[in-house]
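A.B. asks: Numbering (our numbering), first residue to last: 66 to 669.
The beta carbon of each residue, even a glycine, is placed where N, CA and C say it ideally should be.
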RNA sequence: GCCCAUAUGGCUCAGGGGUAGAGCACUUCCUUGGUAAGGAAGAGGUCGUGAGUUCAAGUCUCACUAUGGGCUCCA
């Protein structure tokens, strides 16, 4: 047996630890390294080690479950004391002490009935056992500590060195908010020191890039306690960025045959009853009464677009008809869910609705996926797609759902686009494709969404006249690419760490005139650049040149341009590269060409 | 919504039962400098909001609001 052997993987992909494998396992060995399987074992064992340390520090601790998650592991438990961030160090220290005792991790089995008896005075273990099917259960033991667990585990504590407890939080027993709140500690572990170091470094980098921090520093957006939670204010610089993004998207929509429309912010409650929002989405809606009539602030834009479609008779020749709107919507998100720009109560979707025939669904979905692809490429995002199926709370017949869901899958499959399935994750009116992008920290965010809807057109009696001169109900495709400007800009901010590319940068150029006599020249250049829709600032404050260069440099602008006697005389600019700090000179005309080229990169 | 934590000038933070401090930013003046902080002076908070305890409260207690970390949910 190799020194580094910590388990096996069988031909079904199941991980079997050395304690369970027997003498001659017919399976592939898992070595102690950073492979997914290896980390799964290491992290789960680290969770047990943490539990053992907690037991020694807090003798009354009772444990619930301690699984692995995407990033590391956690353990839920109950203690009488309050555990804070400061206590993590203490627990880590105890964990390291335990490692020195060189315990082996041993496994033994018993029936579930025996386990219920063994843990009869541990109500949390009883809860765990309730969730386990009858039969044999396993116990893992290291020193005096033992825990009900199905594994897998490393053979001995000597494999656990490179871990860190990352945070404490509360979590409901079994995720059920009617049950008690347990203490949860998250941690991470790797096979080697370097990987742990890299991980910690990455977390620090993520903290630096936090869009809430950068957004405040760059004066992009703000919140205000007096106005209410989850209601963002866009400051001048944030608005510049946002307008640029809107303009790029506007042109991209027009190129692809979309027509701009706009619906009202509030509509009578009956509209929302017809649509099904009142019943299925009511708890998230803001309702109000005007002249004894109930109204609802729109949480989605579809109803408005449907009214516009219905305003005049439509022919099959009009289809597919694509309406788009930067639709402001309000949703009552739970107060605890609010998070910077990433989760707010008022936001603007880049929303569109495509009215088409069932036969046109596939090609329309493909067109949308192409659109998504060009937007994501523009910003250098990786993304993946997920088909979400019928949720519990839904309207419409099962066979209609089946048809629509299959339509989405077919469109992707036929074009060799990979996707995964999210069972029950659909909208209440139809299945959808969610586009998840990966940000700079590797976190996945749902942004774009494509939803096929057979239900709303029927409910609102939307019709068109077909080739056969009969009335037909069109299909509606709801789609957003960014998802919302708020969230997307939040993600972009972290993705670029505030160093936006020229075509969306809030301030694109800062001019630093060497002395007062050069301010006029800077102003002249600035006014010429406004015609290219380029936002410039002039740093002519009464500060030293060095100070102003420094301040400009810290603004994360693409260009810092210094102008002095030489530049005024030769009609040139002295450019400072924001990354390399190198300087180069261009004639103003050449500079305009360079800028235009970079602006063109923002065309899709 | 639930659990825990936090809340001091625009920002970052110190203070801690006897009526507020620093750095940056800001204002004014001197300086007109060739690429990451020139110098001087000055203004600005009653310590998230509301109650309570106390002779006395940023400082202790409670409620609320907001923010942060989670749970849940989601663009």
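Just mark residue 227 as buried or exposed, buried being the case when its beta carbon has 16 or more other beta carbons within 10 Å.
C.D. replies: Looking up residue 227 in the first chain gives position 162. When all chains shown are included, residue 227 counts as buried.
A.B. asks: Could you please give me the residues that DSSP links to residue 358 through a beta bridge?
C.D. replies: Position 293 of the first chain holds residue 358. According to DSSP, residue 358 bridges with 355.
A.B. asks: Between residue 324 and residue 312, what straight-line distance do the alpha-carbon atoms span, to the nearest angstrom?
C.D. replies: One-based indexing of the first chain puts residue 324 at position 259. One-based indexing of the first chain puts residue 312 at position 247. Taking the straight line joining both Cα atoms gives about 14 Å.
A.B. asks: Do residue 538 and residue 523 count as a contact pair if the criterion is CB distance below 7 Å?
C.D. replies: Position 458 of the first chain holds residue 523. Position 473 of the first chain holds residue 538. Yes; because the gap between Cβ atoms is below 7 Å, this pair is in contact.
A.B. asks: Looking at C-beta atoms only, is the number of pairs between the stretch 161-172 and the stretch 252-270 that lie closer than 8 Å three or more?
C.D. replies: Counting Cβ pairs under 8 Å, fewer than three are found: no touch.
A.B. asks: Suppose you measure from the CA of residue 597 to the CA of residue 661; what does that come to, to the nearest Å?
C.D. replies: On the first chain, position 532 is the one that residue 597 refers to. On the first chain, position 596 is the one that residue 661 refers to. Residue 597 and residue 661: Cα-Cα distance of roughly 8 Å.
A.B. asks: How long is the line joining the alpha carbons of residue 541 and residue 383, rounded to whole angstroms?
C.D. replies: In the first chain, residue 541 corresponds to position 476, counting from 1. In the first chain, residue 383 corresponds to position 318, counting from 1. Taking the straight line from one Cα to the other gives about 14 Å.
A.B. asks: Three or more C-beta pairs closer than 8 Å, one from the stretch 446-456 and one from the stretch 485-501: is that the case here?
C.D. replies: These segments touch.
A.B. asks: Give me the residue from 147, 111, 137, 110 with the minimum Cα distance to residue 126.
C.D. replies: Here residue 126 is taken as the residue at index 61 of the first chain, counted from 1. When only C-alpha atoms are compared, the closest one is 147.
A.B. asks: Determine the burial state of residue 243: buried for a count of at least 16 other Cβ atoms within 10 Å of its Cβ, exposed for fewer.
C.D. replies: Position 178 of the first chain holds residue 243. Exposed.
A.B. asks: Would you mind working out which of 392, 393, 378 sits nearest residue 386, comparing C-alpha positions?
C.D. replies: Translated into positions along the first chain, residue 386 becomes position 321. Of 392, 393, 378, the residue nearest in Cα terms is 378.
A.B. asks: Assign residue 412 to buried or exposed, taking buried as 16 or more other Cβ atoms, counted over all protein chains shown, within 10 Å of its Cβ.
C.D. replies: For the purposes of this step, residue 412 is taken as residue 347 along the first chain, with counting starting at 1. When all chains shown are included, residue 412 counts as buried.
A.B. asks: Rounded to whole angstroms, what is the Cα-Cα separation between residue 326 and residue 334?
C.D. replies: Walking along the first chain from the start, residue 326 turns up at place 261. Walking along the first chain from the start, residue 334 turns up at place 269. Those two C-alpha atoms are separated by around 22 Å.
A.B. asks: Of the choices 576, 380, 191, 117, whose alpha-carbon is the least far from that of residue 601?
C.D. replies: Locating residue 601 in the first chain gives position 536, where the first residue counts as 1. Measuring from the Cα of residue 601, the nearest candidate turns out to be 576.
A.B. asks: Do residue 225 and the ligand SAM come close, with the Cβ less than 6 Å from some heavy atom?
C.D. replies: Looking at this structure, you won't find the ligand SAM or any other ligand, since it has none at all.
A.B. asks: Taking the alpha-carbon of residue 397 as reference, which of 391, 201, 347, 440 has the nearest alpha-carbon?
C.D. replies: To locate residue 397, count along the first chain from 1; it is residue 332. Out of 391, 201, 347, 440, 347 has the C-alpha closest to the C-alpha of residue 397.
A.B. asks: Quick one: complete alpha helix (DSSP H) runs, 4+ long, within the stretch 310-355?
C.D. replies: Runs of the alpha helix (DSSP H) inside the stretch 310-355: 334-340, 342-345.
A.B. asks: Determine, using beta carbons only, whether residue 71 and residue 106 come nearer to each other than 7 Å.
C.D. replies: Translated into positions along the first chain, residue 71 becomes position 6. Translated into positions along the first chain, residue 106 becomes position 41. Contact: yes.
A.B. asks: Please report the straight-line C-alpha distance between residue 138 and residue 115, rounded to a whole angstrom.
C.D. replies: Residue mapping note: residue 138 aligns to position 73 of the first chain, counting from 1. Residue mapping note: residue 115 aligns to position 50 of the first chain, counting from 1. In a straight line, the C-alpha of residue 138 is about 10 Å away from that of residue 115.
A.B. asks: Leaving aside the five residues before and after residue 402 along the sequence, list all residues of the same chain whose C-beta is less than 8 Å from its C-beta, in chain order.
C.D. replies: As a position in the first chain, residue 402 is number 337, starting the count at 1. 408.
A.B. asks: Tell me the DSSP bridge mates of residue 252?
C.D. replies: Position 187 of the first chain, counting from 1, holds the residue named residue 252. Paired residue(s): 138, 230.
A.B. asks: Taking just the CA atoms, how far does residue 223 sit from residue 164?
C.D. replies: On the first chain, residue 164 is found 99 positions in, with the first residue counted as 1. On the first chain, residue 223 is found 158 positions in, with the first residue counted as 1. Approximately 6 Å between the Cα atoms of the pair.
A.B. asks: So is residue 527 buried or exposed if we call it buried at 16+ other beta carbons inside 10 Å?
C.D. replies: Here residue 527 refers to the residue found at position 462 when the first chain is read from its first residue. Residue 527 should be labelled buried.
A.B. asks: If residue 129 sits next to residue 238, beta carbons under 8 Å apart, how far is it from one beta carbon to the other, in whole angstroms?
C.D. replies: Walking along the first chain from the start, residue 129 turns up at place 64. Walking along the first chain from the start, residue 238 turns up at place 173. 6 Å between Cβ atoms; contact.
A.B. asks: Would you kindly work out how many angstroms separate the C-alpha atoms of residue 292 and residue 298, rounded to a whole number?
C.D. replies: Counting from one through the first chain, the residue named residue 292 turns up at place 227. Counting from one through the first chain, the residue named residue 298 turns up at place 233. Approximately 10 Å between the Cα atoms of the pair.
A.B. asks: Determine, using beta-carbon pairs with one atom in the stretch 414-423 and one in the stretch 365-377, whether at least three such pairs fall under 8 Å.
C.D. replies: In short, these stretches touch, since the Cβ pair count reaches three.
A.B. asks: Can you list the alpha helix (DSSP H) stretches of 4 or more residues lying completely in the stretch 497-525, in chain order?
C.D. replies: Listed in chain order, they are 520-524.
A.B. asks: For residue 365, name the three-state secondary structure that DSSP assigns.
C.D. replies: Your numbering for residue 365 matches position 300 in the first chain. If DSSP states are grouped into helix, strand and coil, residue 365 belongs with coil.
A.B. asks: Please state if the CB of residue 490 and the CB of residue 516 are separated by a distance shorter than 7 Å.
C.D. replies: Position 451 of the first chain holds residue 516. Position 425 of the first chain holds residue 490. Going by C-beta atoms, residue 516 is not nearer than 7 Å to residue 490.
A.B. asks: Assuming residue 624 is part of the beta strand (DSSP E), what are its boundary residues?
C.D. replies: Working through the first chain from its first residue, we reach residue 624 at position 559. Taken as a continuous stretch (DSSP letters only), the beta strand (DSSP E) holding residue 624 covers 624-628.
A.B. asks: Going by DSSP, which residues form a beta bridge with residue 648?
C.D. replies: By 1-based counting over the first chain, the position of residue 648 is 583. Note: residue 648 sits in a beta bridge opposite 641.
A.B. asks: Between residue 521 and the rest of its own chain, which residues show a CB-CB distance below 7 Å, the 5 nearest in sequence each way excluded?
C.D. replies: The residue given as residue 521 occupies position 456 in the first chain. Cβ within range, chain order: 340, 367, 371, 494, 541.
A.B. asks: So, at 7 Å on beta carbons, what are the nonlocal neighbours of residue 111 in its own chain, with the 5 sequence-adjacent residues on each side left out?
C.D. replies: Against the first chain, residue 111 aligns to sequence position 46. So the qualifying residues of the chain are 138, 225, 228, 252, 254.
A.B. asks: Taking all protein chains shown into account, do 16 or more other C-beta atoms lie within 10 angstroms of the C-beta of residue 355, making it buried, or fewer, making it exposed?
C.D. replies: Residue numbering aside, residue 355 sits at position 290 when the first chain is read from its first letter. Looking at its Cβ environment, which holds fewer than 16 other Cβ atoms inside 10 Å, residue 355 is exposed.
A.B. asks: Alpha carbon to alpha carbon, how far is residue 571 from residue 304? Give it in angstroms, no decimals.
C.D. replies: Residue mapping note: residue 304 aligns to position 239 of the first chain, counting from 1. Residue mapping note: residue 571 aligns to position 506 of the first chain, counting from 1. Approximately 8 Å between the Cα atoms of the pair.
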